[in-house]
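Trainee: The structure's right below; bear with me while I get my questions together.
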Amino acid sequence: MELRLHDTLTREKRTFVPLDPNNVRMYVCGPTVYDFAHIGNARPVIVFDVLFRLLRHLYGEAHVKYVRNITDVDDKINDRAARDFPGLPLNEAIRKVTEQTGKQFHADVDALGALRPTVEPRATEHIGEMRELIEKLVAGGFAYVAEDHVLFSPQAMNAANSVLPRYGALSNRSLDEMVAGARVDVAPYKKGNTDFVLWKPSKPGEPSWPSPAGIKAEGRPGWHIECSAMAWKHLGEHFDIHGGGIDLVFPHHENEVAQSCCAFHQERMANYWMHNGFLQVESEKMSKSLGNFITIHELLAEWPGEVLRLNMLKTQYRSPIDWTVKSLEESAKTLDDWYRVAADVAPGKPAASVVESLLDDLNTPQAIAALHGLRGNDIAGLAGSLRLLGFLSESAAQWESRKQQASGIDAKEVERLIAERTAARSRKDFKESDRIRDLLATMGVAIKDSKEGTTWEIAR
Ligand code: AMP
Ligand code: ZN
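Sequential numbering from 3 applies to the sequence shown in the numbering used here.
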């Protein structure tokens, strides 16, 4: 049995061969800490947690190193700090924002059953490594200084006659096309319109550090160099797996590869590039303006974290997910059943059918089908497999009591009222049906009528 993973760079599923089986190394881009994480952000957290658990199962817990960074220097953080703590000096306000948001992120992802990564480096603690990388890039002719900025030149990279990969290879774009299609209003100090920032001057009051490359004014790093520096520090120049959401392929990961490969004169940064698909809510793109933007924190007030986890894993990580209340309800029922039959049972070894599904590029829907298959005949195997996937962190009794406390809404009573309302509607007693709708609303239940019948959800 071997692990096969889909690699974004080669666009195929390949057998996973670690550089060193005693030290399997994975880097995943983490959150920018300025606000509550939304349910889309939970997807890479859960997906790469499953991969982390599988790698530990295959290579041994002590032989897998998982690094997920925390981006704590960013314009969005500065804006939030100025807005939320107008009375404080900006640097203090920024510390408050990043501390609070970081804590909240940990509380959320712990509740989702995600193991903490081996290392969670903060960008602000790796400015030295960023400066070092930038110096190497300038010395190698891949980057240049202009008006107190340091810029990376993709064209210099592609002109270099060496082992380096081609800029654009990861995202499958041609640099010539990018040059032709670039915006016309590029910053005047850029030599090429696809050049990107490695370092920039800080505005007064913003966090700032001594600059590299002989720049006198203090400044701060660009986003892409942060990940190259933290991955280098904790995983070395070349490691096994790099992951994140599909939106990060370009420009973030393309630029990470460019920086790391040019700094170390090598062909590859990571051997496998993995990207999760996007999550949408009730068939719509999640966005603040559409009002369907849901945070993990809000969902956790209504659903146990393991329900969110199972709901996420019902879709294979590369496919888009449509996040719906209906699917959450089904996930909750499934977990109720699994808790009842398997939570208090001595777990057996994870079943081969489950492990084999995961080995096939983390085919979690197939693994879940295999779990349903075990339900009838191998409860110990079910218990062991569920634990491998990060479920059953509580006893059956804890699960049941927490569930009742959390909802406060009696589902049976709701269904009874909906049936009464349906009956009233069919005898055209709209006064009565409206009365029941209002009653449900005061109970915190929202109902939706469609051709298929009436569904309900806890009103948000
Ligand atoms: P951000 O804080 O926006 O950089 O996102 C953190 C992580 O969440 C990145 O790996 C993103 O690719 C991922 N992500 C953001 N939005 C979504 C979404 N709607 N669906 C899936 N992944 C997402
Ligand atoms: Zn990154």
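For every residue, glycine included, the Cβ atom is placed at its ideal position computed from N, Cα and C.
Assign K328 to one of three DSSP states: helix, strand, or coil.
Mentor: helix
Trainee: Of the choices H236, V199 and E208, whose alpha-carbon is the least far from that of P223?
Mentor: V199
Trainee: What's the gap between the Cα of E94 and the Cα of E286?
Mentor: 38 Å
Trainee: Tell me the residue span of the beta strand (DSSP E) that contains T17.
Mentor: E14 to T17
Trainee: Go through the segment 31–114 residue by residue and report every complete run of the beta strand (DSSP E) that reaches 3 residues or more, in order.
Mentor: 66–70
Trainee: Who are G455's beta bridge partners in DSSP?
Mentor: S452
Trainee: What is the residue span of the beta strand (DSSP E) that W305 lies within?
Mentor: Careful: W305 lies outside any beta strand (DSSP E) and carries neither H nor E.
Trainee: Out of N71, V152 and R55, state which residue places its alpha-carbon closest to the alpha-carbon of A64.
Mentor: R55
Trainee: Check each candidate in T336, P322 and S321 and name the one with the smallest Cα separation from K328.
Mentor: Checking every option, the nearest Cα to that of K328 belongs to T336.
Trainee: Taking 6 Å as the cut-off, is the beta-carbon of N71 closer than that to any non-hydrogen atom of the ligand AMP?
Mentor: no
Trainee: Count the C-beta pairs between the segment 245–253 and the segment 164–175 that are closer than 8 Å, then say yes if the count reaches three, no if not.
Mentor: With a cut-off of 8 Å, the segment 164–175 and the segment 245–253 count as touching, because enough Cβ pairs lie within range.
Trainee: Any chance the CB of N43 is under 6 Å from a heavy atom of the ligand AMP?
Mentor: yes
Trainee: Is the CB-CB distance between Y146 and A260 below 7 Å?
Mentor: no
Trainee: Apply the 10 Å Cβ neighbour rule to N24 and answer buried if 16 or more other Cβ atoms are within range, or exposed otherwise.
Mentor: exposed
Trainee: Look at the alpha carbon of S204 and the alpha carbon of D412, and state the distance between them as a whole number of angstroms.
Mentor: 55 Å
Trainee: Distance check for F87 and E300, CA to CA, integer angstroms please.
Mentor: 24 Å
Trainee: Three-state secondary structure (DSSP) at T317?
Mentor: coil
Trainee: Looking only at its chain, what residues have a beta carbon closer than 7 Å to the beta carbon of T326, apart from the 5 residues adjacent to it on each side?
Mentor: E284
Trainee: Measuring straight from C-alpha to C-alpha, what distance separates A321 and G216?
Mentor: For clarity, residue 321 is Ser in the given sequence; the question names Ala instead. C-alpha separation (whole angstroms): 46 Å.
Trainee: Taking 6 Å as the cut-off, is the C-beta of D249 nearer than that to any heavy atom in the ligand AMP?
Mentor: yes
Trainee: Tell me which same chain residues have a C-beta within less than 6 Å of the C-beta of Q157, skipping the five on either side of it?
Mentor: G194
Trainee: Hey, is C31 close to the ligand ZN, as in C-beta under 6 Å from one of its heavy atoms?
Mentor: yes
Trainee: Mind checking who F198 pairs with in its DSSP beta bridge?
Mentor: DSSP, once it has assigned bridges, lists F154 as partnering F198.
Trainee: Please tell me whether L361 and Y319 are closer than 7 Å, where the distance is taken between their beta carbons.
Mentor: no
Trainee: Would you say P223 touches the ligand AMP, meaning its beta carbon is less than 6 Å from a heavy atom?
Mentor: P223 Cβ: outside cutoff for every heavy atom of the ligand AMP.
Trainee: With 16 other CB atoms within 10 Å as the buried threshold, where does Y191 fall?
Mentor: exposed
Trainee: Kindly examine the ligand AMP and report whether one of its heavy atoms sits closer than 6 Å to the Cβ of T463.
Mentor: Absent from the model: residue 463. The displayed extent of the chain is 3 to 462, so no value can be given.
Trainee: What residue range is occupied by the uninterrupted alpha helix (DSSP H) comprising V347?
Mentor: That residue, V347, is in no alpha helix (DSSP H); it is neither H nor E in DSSP.
Trainee: Check whether the segment 228–235 and the segment 36–51 touch, using three or more Cβ-Cβ pairs below 8 Å as the test.
Mentor: no
Trainee: Using only the heavy atoms of the ligand AMP, determine whether one of them is closer than 6 Å to the beta carbon of L464.
Mentor: Given that the chain is displayed from residue 3 to residue 462, the structure contains no residue 464 and the question cannot be resolved.
Trainee: In chain order, what residues of the same chain lie with their CB nearer than 7 Å to the CB of L330, ignoring the 5 residues before and after it?
Mentor: W305, V309 and N313
Trainee: Does the segment 34–45 come within contact of the segment 371–390, defined as at least 3 CB pairs closer than 8 Å?
Mentor: no
Trainee: Is C229 near the ligand ZN - that is, is its Cβ less than 6 Å away from at least one heavy atom of it?
Mentor: yes
Trainee: Alpha carbon to alpha carbon, how far is V99 from A348?
Mentor: 43 Å
Trainee: Is T103 near the ligand AMP, in the sense that its beta carbon is under 6 Å from a heavy atom of that ligand?
Mentor: Relative to the ligand AMP, the beta carbon of T103 is positioned no closer than 6 Å to any heavy atom.
Trainee: Which one of P33, Y61 and C31 has the shortest CA to CA distance from L5?
Mentor: In terms of Cα proximity to L5, the closest of P33, Y61 and C31 is Y61.
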